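Residue numbering for the sequence shown follows my numbering, starting at 234 and increasing by one per position. By construction, the Cβ of each residue, glycine as well, lies at the ideal position given by its N, Cα and C atoms. Here the structure is a predicted model, which is why all the values come from computation and not from measurement. To keep things clear, I will list the structure first and then write my remarks on it.
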Amino acid sequence: MNNSGIRDTARALHISINAVIRVLKNSNRDG
(Lines of atoms letter the chains of each structure in order from A and count residues from 1; the text may use other names and numbers.)
(Lines give C-alpha, C1' and ligand atoms only; values in the text may rest on other atoms or scores of the structure.)
Protein backbone atom coordinates (compact mmCIF):
# COMPACT_ATOMS: atom_id res chain seq x y z
CA MET A 1 0.00 0.00 0.00
CA ASN A 2 1.43 3.37 -0.98
CA ASN A 3 0.98 6.75 0.69
CA SER A 4 -1.62 7.87 -1.86
CA GLY A 5 -3.75 4.79 -1.09
CA ILE A 6 -3.61 5.52 2.63
CA ARG A 7 -4.47 9.16 1.94
CA ASP A 8 -7.49 8.16 -0.17
CA THR A 9 -8.67 5.77 2.54
CA ALA A 10 -8.32 8.45 5.22
CA ARG A 11 -10.24 10.90 3.02
CA ALA A 12 -13.05 8.36 2.48
CA LEU A 13 -13.25 7.66 6.23
CA HIS A 14 -13.30 11.39 6.98
CA ILE A 15 -16.15 11.96 4.51
CA SER A 16 -18.08 9.01 5.93
CA ILE A 17 -17.71 10.32 9.49
CA ASN A 18 -18.89 13.77 8.39
CA ALA A 19 -21.91 12.20 6.68
CA VAL A 20 -22.81 10.24 9.83
CA ILE A 21 -22.47 13.35 12.02
CA ARG A 22 -24.62 15.33 9.57
CA VAL A 23 -27.36 12.66 9.70
CA LEU A 24 -27.22 12.54 13.49
CA LYS A 25 -27.52 16.34 13.71
CA ASN A 26 -30.49 16.27 11.33
CA SER A 27 -32.27 13.60 13.38
CA ASN A 28 -31.62 15.52 16.58
CA ARG A 29 -33.04 18.66 14.98
CA ASP A 30 -36.18 16.74 13.91
CA GLY A 31 -36.36 15.13 17.35
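{"Query": "According to DSSP, simplified to helix, strand and coil, what is N259?", "Result": "helix"}
{"Query": "Mapping DSSP to helix, strand and coil, what is N251?", "Result": "helix"}
{"Query": "Going by DSSP in three states, N236 sits in which element: helix, strand or coil?", "Result": "helix"}
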